[in-house]
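Enquirer: Residue 159 in the numbering used here sits at position 178 of the sequence shown, and the numbers go up by one each step.
We treat Cβ as the ideally placed atom computed from N, Cα and C, and that holds for glycine.
Have a look at the structure that comes next, please.
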Amino acid sequence: MALAYNEVDVVRPPRLRAGDEVRLVAPGGPAVREDAEAARERLEGLGLRVTVGAYTFQGSETQRAEDCNRALRDPGVRALVAARGGRQEHRIVARLDFNTAAAYPKLLIAGGDGAIVHLALWERAGLAGLRGDPAGAFSVEPVTLVSDPKAPTGELTTGGRARGVLLGGDQDQVAAAAGWMLPSMSGAILLLEGDGLRAGHIDRQLTMLRNAGRLDGLRGVAVGRYTDCGPGVLDVLHDRCGALGVPLIGGLSLEDLPLGTMAELDADAGTLTVDAAVS
């Protein structure tokens, strides 16, 4: 298999500037108004003009997908910002206009619940994205995360260094993308986190990904938080990720992070440095 970074020419959309228009959309389900208003205030505080998709607060899957496509096709919109809603992004990603996304690249800003949308836009359009604080959309500087050895997943850190494109996010969505929207992991660093998963669930998903060849050629693993996951989770992660034989870093806080760009994992130093999502 080809290296993940060579699989597609990675496209970093232009960075945002004050006065740019960004569009609030809801790929995962109808947005909570209070959360959407908080997002609007944050974006406007950065000097951005915020417009809201017609079906951000209500609408069918088809309508919410069309909202996203309208934003992708609108020459005045510089970025799509995913409002927090449900967790049904997997239902609409196949309907996105990947041809337009590739020809007229725009930034997707989406949190951990938008992982499968980030994966789909990278796999089909080679498009880098941003998770977390939209302030990162203004900077072309690399981002460095430092492992917290006191965090529960901090004990997973091994040693060694790896370089590759950073792909992944929420483990449940990574597994859901396998077979149709999950890019090749050959030459990549896999990002993993989880919420509400039990040890057996985590075990089955990671075993499936490995046995199906979806982790072949992986260069490293970066692990964030596994919250509300019950007992035995760290043992499973030790076993399943350790068996991959690549450098591993845990104890990361993943709130603000570029995705789909080159990253340097230094498990010895406890750092993950990622190229900016924008140019």
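When you compare only the Cα positions, how much space is there between L253 and E22?
Expert: Within the sequence shown, the letter at position 272 stands for residue 253. Within the sequence shown, the letter at position 41 stands for residue 22. Between L253 and E22, the C-alpha separation is close to 30 Å.
Enquirer: Give me the Cα-Cα distance between N50 and A84, rounded to the nearest whole angstrom.
Expert: One-based indexing of the sequence shown puts residue 50 at position 69. One-based indexing of the sequence shown puts residue 84 at position 103. N50 and A84: Cα-Cα distance of roughly 13 Å.
Enquirer: Sort out for me which residues DSSP pairs M243 with in a bridge.
Expert: As a position in the sequence shown, residue 243 is number 262, starting the count at 1. For M243, which the question treats as bridged, DSSP gives the partners V146.
Enquirer: Based on DSSP bridge pairs, tell me the residues matched to E174.
Expert: Counting from 1 along the sequence shown, the entry for residue 174 is found at position 193. E174 is bridged to D151.
Enquirer: Going by the CB atoms, is the gap between L199 and A169 shorter than 8 Å?
Expert: Reading the sequence shown from its first residue, position 188 is the one you call residue 169. Reading the sequence shown from its first residue, position 218 is the one you call residue 199. Yes, the pair counts as a contact, with Cβ atoms nearer than the cut-off.
Enquirer: Assign V121 to one of two classes, buried (16 or more other C-beta atoms within 10 Å of its C-beta) or exposed (fewer than that).
Expert: Residue mapping note: residue 121 aligns to position 140 of the sequence shown, counting from 1. With fewer than 16 Cβ atoms within 10 Å of its Cβ, V121 is classed as exposed.
Enquirer: Give the straight-line distance between the Cα atoms of A180 and D151, rounded to the nearest whole angstrom.
Expert: Position 199 of the sequence shown holds residue 180. Position 170 of the sequence shown holds residue 151. Spanning the two alpha carbons is a distance of roughly 15 Å.
Enquirer: Could you check whether G34 and D48 sit closer than 8 Å to each other, using their CB atoms as the reference points?
Expert: The residue you call residue 48 lines up with position 67 of the sequence shown. The residue you call residue 34 lines up with position 53 of the sequence shown. Result yes, Cβ atoms of D48 and G34 sit closer than 8 Å.
Enquirer: Across which residues does DSSP place R112 in a beta bridge pair?
Expert: By one-based count along the sequence shown, residue 112 stands at place 131. Paired residue(s): L238.
Enquirer: Here's the rule I'm using: 16 or more other beta-carbon atoms within 10 Å means buried, otherwise exposed. How should A(-15) be labelled?
Expert: In the sequence shown, residue -15 corresponds to position 4, counting from 1. At A(-15) the pLDDT is 48, less than 50, meaning the model places this residue with poor confidence and gives no usable figure here.
Enquirer: Going by CA-CA distance only, name the one from V202, C222 and A203 that's closest to I269.
Expert: Residue coverage of the chain in this structure runs from -18 to 260, which leaves residue 269 outside it and unanswerable.
Enquirer: Does the count of Cβ pairs from the stretch 110 to 124 and the stretch 224 to 238 closer than 8 Å reach three?
Expert: The stretch 110 to 124 is in contact with the stretch 224 to 238.
Enquirer: What does a CB cutoff of less than 8 Å around V(-8) pick up in its chain, not counting 5 residues either side in sequence?
Expert: As a first step, residue -8 must be located in the sequence shown, where it is residue number 11. Taken in chain order, the residues that qualify are A83, P86, A106, G107, L108 and A109.
Enquirer: Helix, strand or coil for T208 per DSSP?
Expert: To locate residue 208, count along the sequence shown from 1; it is residue 227. Note: T208 maps to strand in three-state DSSP.
Enquirer: If you draw a straight line from the alpha carbon of D1 to that of V62, how long is it in whole angstroms?
Expert: For this step, residue 1 is matched to residue 20 along the sequence shown. For this step, residue 62 is matched to residue 81 along the sequence shown. When rounded, the distance between both Cα atoms is 13 Å.
Enquirer: With a CB to CB cut of under 7 Å and the five nearest residues on each side skipped, what residues in its chain are close to V227?
Expert: The residue given as residue 227 occupies position 246 in the sequence shown. For V227, where only same-chain residues beyond five positions count, the Cβ hits under 7 Å are A143, L199, R200, G201 and V202.
Enquirer: Tell me whether W103 is buried or exposed, calling it buried when 16 or more other Cβ atoms sit within 10 Å of its Cβ.
Expert: Residue 103 sits at position 122 when you count from the first residue of the sequence shown. Label assigned to W103: buried.
Enquirer: For L178 and Q186, I'd like the C-alpha separation in whole angstroms.
Expert: The count along the sequence shown starts at 1 and reaches residue 178 at position 197. The count along the sequence shown starts at 1 and reaches residue 186 at position 205. Straight-line Cα distance between these residues: approximately 10 Å.
Enquirer: Starting from the C-beta of R72, find all residues in its chain whose C-beta is less than 8 Å away, skip the five residues before and the five after it, and write them out in chain order.
Expert: By one-based count along the sequence shown, residue 72 stands at place 91. Counting only Cβ-Cβ distances below 8 Å, and skipping sequence neighbours, we find E42.
Enquirer: Given a cut-off of 8 Å on the beta-carbon distance, is the pair E136 and L215 in contact?
Expert: What you label residue 136 is simply residue 155 of the sequence shown in a count that begins at 1. What you label residue 215 is simply residue 234 of the sequence shown in a count that begins at 1. The answer is yes: Cβ separation under 8 Å.
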